[in-house]
Amino acid sequence: MRVPYFPLVVLASVLCLSHSYTLRSSVSWVVSSNDVVEEADLSEEEVAPALLVDGAGLWKQAYPASNVLGDGVESPRELAEPETDNVAQLSSSRLFSYRLEKVQQAGSSSGPPPHQETARTARYIAHNSDWGHLATISTQDKIKGLPFGNIFSVSDGPGDNSTGAVYFYVTPMDNTVSDLRNNPFASLTFSEAEGEFCRQMVYDPEDPRCARLTLTGKMVDVAPEELVFAKEAMFSRHPVMAKWPVGHNWFFMKLELIQVWLQDWVGGISLIPLEDYFKATPF
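In case it helps, mature numbering (1 follows the signal peptide of the UniProt record, and there is no 0) puts the sequence shown at residues -20 to -1, 1 to 263.
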């Protein structure tokens, strides 16, 4: 018995329609700084291809130490330059989807002051550092009474207004704040390695020519009459702080100075009188 062909053709068409497929790429890409994606569901697979291909290039751009031994490079400043246009483009891009707010640039683009001007150098480092290492005496059970260090975002004022007094935005949930409630004295250390100067000059962070500044004093709550300025100082340099969870009970503190310690250049350290420190300008 001969089977009619028409019903078979219809059945084949139905089966084809019921088994359609969509091809989806599992690779994401770098979002340029001009484009803003408010929300995105980023999975582990969504990795920038350029990072996968040229990770070594990014590392060389930030830390050019692999070229220090020579290879025809004429000056340390050349070592800090990106190797390719692609790497430079990546450095000005972002891999995340939240909005980056414009931050007012701090300090002067002319570089650090001469090392002989110790007070001005100290003010320059304090003003141009966005974060520092704060050391306290710990109240944690296992290390009670021992030194404990923590990283904090800081500001001594908006980009065009340096005060020399360093402000903090902290939460009682932080171990360091617990330490300060028990013993308010602390030391805050900055390194010139945070910026571009030491990288361009190929100075190791422990090289005495890569300046280090330690401010020691008493951490106090910011007085009500100073809160407006403290808020401007911190939020102008760290805009994301304004969006941190209010349930963490954030508040402002500042460091009342007792000593200014500076290591800049060979030949020893400088203890800068507080009067000279506050009279100097970083600009």
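Using N, Cα and C, we set each Cβ at its ideal position, and we do this for glycine too.
Per the coordinates, the alpha-carbon of residue 125 lies some 19 Å from the alpha-carbon of residue 131. Of 236, 254 and 253, the smallest CA-CA separation from residue 166 is found for 236. Around the Cβ of residue 207, a 10 Å sphere holds fewer than 16 other Cβ atoms; the residue is exposed. In the structure shown, the three-state DSSP call for residue 141 is coil.
The shortest CA-to-CA distance from residue 114 to any of 178, 159 and 250 is the one to 159.
Residue state for residue 126 is assigned as coil, using DSSP reduced to three classes. If you ignore the 5 residues before and after residue 224, its C-beta comes within less than 7 Å of the C-beta of 230, all in its own chain and listed in chain order. Under the three-state reduction of DSSP output, residue 208 falls in the helix class.
Judged by beta-carbon spacing, residue 211 lies beyond the 8 Å limit of residue 145, meaning their Cβ atoms are not closer than that value. Below 8 Å, enough C-beta pairs join the stretch 188 to 201 and the stretch 97 to 105 to call them touching: three or more.
Here residue 243 carries a strand assignment [DSSP, helix/strand/coil]. For residue 184, the closest of 217, 261, 244 and 119 by C-alpha to C-alpha distance is 244. For the set 152, 142 and 119, the Cα lying nearest the Cα of residue 227 is the one of 152. A distance below 6 Å between beta-carbons, with the five flanking residues on each side excluded, links residue 135 to the following residues of its chain, in chain order: 147, 213, 214 and 217. In this structure, DSSP gives residue 119 a state outside helix and strand, which the three-state scheme calls coil. Within its own chain, the residues whose Cβ lies closer than 8 Å to the Cβ of residue 91, once the five positions on either side in sequence are excluded, are 177, listed in chain order. By the beta-carbon neighbour count (other beta carbons within 10 angstroms, threshold 16), residue 260 is buried. Here the C-alpha atom of residue 99 lies approximately 36 Å from the C-alpha atom of residue 120.
Beta-carbon to beta-carbon, residue 112 and residue 196 are separated by about 12 Å, too far to satisfy the 8 Å threshold. When rounded, the separation of the alpha-carbon atoms in residue 139 and residue 110 is 11 Å.
Shown here, residue 182 sits in coil according to DSSP, grouped into three states, outside any helix or strand. Residue 148: not part of any alpha helix (DSSP H); member of the beta strand (DSSP E) spanning 147 to 150, first to last residue.
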